[in-house]
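With full-length UniProt numbering, you'll find the sequence shown wraps up at 91, consecutive numbering, no jumps.
A virtual CB, placed ideally from N, CA and C, is assigned to each residue, including glycine.
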Amino acid sequence: MHEALMKTIEAKMEAAGLLPIKKQAELSTRILKERLEVILPWAMEKSGMDFWIIAARENCKDPILKTLYPWDMYDSRRIGILAFHRNKENG
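Take a look at the structure:
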């Protein structure tokens, strides 16, 4: 009984264009990797930035911070800091 229900739910989700959680996580990870390896170095080069720091306090995050965390990373409990350094030789 449960198997038939699960198959029905999966079929409806697929028809609606929704992905299962595991597939959503894989897609999210691929998108983040693209952001960090391609888009971020390009944006830093175009803007002339060599170093970028994003700091977030507890319950007061920078809006961009969430787009740079992996999907399964916990929110900062005290202070969270991300720092990016551009390698001028490799982009």
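{"query": "Other residues of its chain near Leu40: CB distance less than 7 Å, five sequence neighbours each side excluded", "result": "Phe84"}
{"query": "Per-residue DSSP class, three states only, for Leu82", "result": "strand"}
{"query": "Buried versus exposed, by CB contacts within 10 Å (16 or more), Ala16", "result": "exposed"}
{"query": "Cα-Cα separation between Glu58 and Arg78, rounded to whole angstroms", "result": "5 Å"}
{"query": "Residues bridged to Ala25 (per DSSP)", "result": "None, per the DSSP bridge assignment."}
{"query": "Arg86, buried or exposed, once every other Cβ within 10 Å from all chains shown has been counted against 16", "result": "buried"}
{"query": "Contained alpha helix (DSSP H) runs [length at least 4] in the region 6–54, N- to C-terminal order", "result": "21–34, 40–47"}
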